[in-house]
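First residue of the sequence shown? That's 1 in full-length UniProt numbering, and the numbers climb one at a time after it.
Notes follow the structure.
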Amino acid sequence: MIVAGALIAVATPGTAAAQPRSDLSQPNYSYTDAIRETVYVESPVDGDRDGQKDRIVVDVIRPKETAAGLKVPVIFEASPYFAPAALSAQSRDGRYRPDYSGGYKDEEDDGVPSKFKGYYDNYFVPRGYAVVQVDLPGTRFSEGCATVDGKEVMAGVKAALDWLDGRASAVGKSGQAVQADWDSGNVGMIGKSRPGVLANIAATLNVPNLKTIVPIAAFNSWYGYLRLNGLPRFADYPRYSAVSDGWTSKLDPNRCAAVYDEIPAATDERDATYTSWFAERDYRGAAASNLKASVFMVHGLNDYNVTPDLALDAWNSVKSAGVPRKLMLTQMAHVDPINSHRERWLPQLHRWLDHWLLGIENGVMSEPQVQIEHAPNQWDTYAAWPADNATTKKLWLEHETLSETQPSTSGHALFFEKYDEREKDIVASPETDRSTRVAFLGKPLTKEMRVSGVAEVTLSAKASASGTPLSAFLVDYGTDSYPNTSEDDAPFTEGIKPGSGEDCFGAGTTADTGCYPRYVHDLVTRPFEIVSKTTIDTENRNSLLSDSPVVADKYYTYNLKLQPNDYVFKPGHRIGLVIAGTNCTSMEVPGTDWCSHAPEPGNEPWQLTEFEIDLGKSSLTLPVAPR
């Protein structure tokens, strides 16, 4: 069994496991005897258009002492993933599947829940917290429709938060009014992936009792997730997201079909531009100014599902709001740190929640704001991310090389697009001539180089057709052991693999043991690592709001911002830049069956394109910082 003392002893050597810390909440309450109840909160909206306000299912577990007047803070999670889907709720190739780790809640809604998803209840209820899990509108037993976190959905989530603070009404299973008179008024919202997205959004909705959020592998703008710089990541994916959520409903899932069928037109499936549908689901900018809660954010630098640019957007929103904050960046893909770094993660989460919800002064806010894993279990701490002391290093594109000086004469590089080429094949063997890409290599490094933030590629290029993808890859060329994080081949890898044994978090019951398998880092030796990448629609080179057609054989300037990272190139390795057309790995290319073959003649998604780069006007800019 994992207990608090054992974990803290690992995190802070010298602390005896047998000596409880006075600055940590202790397991003084019975998990077995905890009060378990389901309440039904009235949302202010009718999302499923049945003429009645939606009823939102809220499952609660709290120490039994709350029945005698004890007031406790709340760990709150809203999610569409509390029940399995009748229709498989993973994308059609299996690449971006929801997080179902920790199982599901009860199959039946009998008013007395016996099973809560995840470990928060097992670990924190004995330490004097309540845990509240909310079925997202349109999922499991909640009414409404799962409109991909639109206003109707968020009204239901906010209603559950408001009920805790006495601003919304709820009833129990038998219809009696229920109040959360046991709530201390301090709520922390947590979750990985979609539940983390919901936490990001809820924190902008002026909920006074929401004191802190812990978004893991999350984002705060749906456009960046569903689209790729003017390109759809997957065909009809916004509607597919809604439908897959809706098929977890234990009510009639077909009742929302008409609502879901409105999504493709609203999201501009043809041109993938930024529409009002996406604006409603964009919580950056002005919306982020409403953020008042503190934020502990976690993200994987190799996350190919919720990509690092979305993490940077969310982090910048947090910084602009000026709220207390903390950031953990790992080497993982779309992974919960309880699986990849549990000995490091759980003590930090415990102290964070104790500080913000129980008011315990435990020093968590005096620690460095940013922690970054630069290699498996090798951590560095910083005051900011991206590095606030980074300097710009500009490298110019020459024939097959990256030069620190601008070439005196201009050359040209020619390549042809290929529909079905995966990124690992695009960047492999950079010194081999290939017609489908151009590769540029720097000299072997004499010392390590840390790149912190967003690398940018400026290309002066012409294309033979309009509205086609253009891709760039920043690559570390050097044989080494790298995290095994790839979406090129199924099954997709996320940087961890099953280990031996299991850990049990806190207390448990037969129905809800709180025990989960151990994982270890998954490493692979290979001759290169893709550090960062991006793909754009050439017609969206100026704006995501509208298309600007490309005139064939006319030179345009393309500014490609690569995915942010914090990466250390080792001595002897070489920095590489690869330019190509379509990156079949990062987007669904119609007719290729997920990159398995070229489209049949006559079914090409766009015209196969020839690109030509003016090297003398093209460059790579790196943000370089001391480690």
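Heads up, the beta-carbon is just placed ideally off N, CA and C, and yes, glycines get one too.
is_contact[residue i, chain B] using C-beta, thresh 8 Å
i	result
residue 61	The chain labelled as chain B is not found in the depicted structure, where only one protein chain is given.
Residues that residue i bridges to, as DSSP identifies them
i	result
residue 169	Looking at the DSSP assignment, residue 169 forms no beta bridge with any residue, so it has no partner.
residue 460	557
residue 537	469
residue 482	524
residue 497	520
residue 379	373
residue 296	326
residue 396	403, 619
residue 215	191
residue 391	624
residue 130	74
residue 439	578
residue 248	Answer is none; residue 248 lacks a bridge partner.
residue 453	565
residue 143	DSSP output for residue 143 lists no bridge partner at all.
residue 38	59
residue 503	516
Among the options, the one whose alpha carbon lies nearest that of residue i
i	options	result
residue 381	359, 433, 411, 328	328
residue 159	75, 409, 122, 53	53
residue 79	573, 198, 33	198
residue 278	336, 292, 225	225
residue 272	557, 27, 237, 517	237
residue 558	565, 550, 564	550
residue 436	420, 446, 568	420
residue 498	516, 276, 513, 520	520
residue 620	190, 591, 459	459
residue 332	593, 358, 376, 123	376
residue 257	242, 250, 588, 46	242
residue 147	230, 192, 587, 244	244
residue 26	360, 144, 309, 280	360
residue 109	122, 135, 120	135
residue 454	307, 410, 339	307
residue 24	189, 354, 157, 191	354
residue 150	486, 579, 280, 442	280
residue 626	299, 133, 388	388
residue 179	255, 47, 162	162
Contact set for residue i: own chain, Cβ-Cβ below 7 Å, skip 5 residues either direction
i	result
residue 196	215, 216, 217, 218
residue 341	330
residue 511	114, 115
residue 484	493, 495, 522, 523, 524
residue 565	301, 308, 451, 531, 532
residue 609	417, 463, 464, 465, 468, 581
Own chain residues within Cβ distance below 6 Å of residue i, not counting five before or after
i	result
residue 527	479
residue 414	612
residue 92	Its pLDDT being 39, under 50, residue 92 is placed unreliably by the model, and nothing is read from it.
residue 607	465
residue 31	125, 126, 507
residue 175	none
residue 444	572, 574
residue 397	440, 615, 618
residue 603	591
residue 348	none
residue 447	571
residue 424	488
residue 481	523, 525
Cβ-based neighbour list, residue i, same chain, cut-off 8 Å, excluding 5 preceding and 5 following
i	result
residue 177	169, 170, 171
residue 291	203, 204, 317, 318, 321, 323
residue 230	271, 272, 273, 536, 537, 539, 540, 544, 547
residue 589	419, 420, 582, 595, 599, 605
Rounded Cβ spacing between residue i and residue j (contact assumed at less than 8 Å)
i	j	result
residue 439	residue 457	Their Cβ separation, rounded to whole angstroms, is 13 Å, which puts residue 439 and residue 457 out of contact at 8 Å.
residue 60	residue 39	7 Å
residue 422	residue 336	Actually they are not in contact, since the Cβ atoms of residue 422 and residue 336 sit about 27 Å apart, beyond 8 Å.
residue 525	residue 356	Not really, about 42 Å apart at Cβ, beyond 8 Å.
residue 629	residue 208	Nothing about residue 629 can be read from this structure; the chain reaches only from 1 to 627.
residue 56	residue 142	5 Å
residue 383	residue 452	Their Cβ separation, rounded to whole angstroms, is 12 Å, which puts residue 383 and residue 452 out of contact at 8 Å.
residue 221	residue 270	No, residue 221 and residue 270 are not in contact; Cβ-Cβ is about 21 Å, not under 8 Å.
residue 538	residue 563	Their Cβ separation, rounded to whole angstroms, is 19 Å, which puts residue 538 and residue 563 out of contact at 8 Å.
residue 43	residue 144	7 Å
residue 299	residue 287	About 20 Å; that fails the 8 Å criterion.
Proximity test, residue i beta-carbon vs the ligand PLP heavy atom, cut-off 7 Å
i	result
residue 409	Only the bare structure without any ligand can be found here, which leaves the ligand PLP out of the picture.
Three or more C-beta pairs closer than 8 Å, one from the segment 575-590 and one from the segment 404-411: is that the case here? no
Q. Is it true that the segment 466-477 meets the segment 422-437, where meeting means three or more beta-carbon pairs spaced less than 8 Å apart?
A. yes
Taking contact to mean 3 or more Cβ pairs, one atom from each stretch, closer than 8 Å, check whether the segment 230-246 and the segment 113-125 are in contact.
no
Quick one: any contact between the segment 253-265 and the segment 176-193, if contact means 3 or more CB pairs under 8 Å?
no
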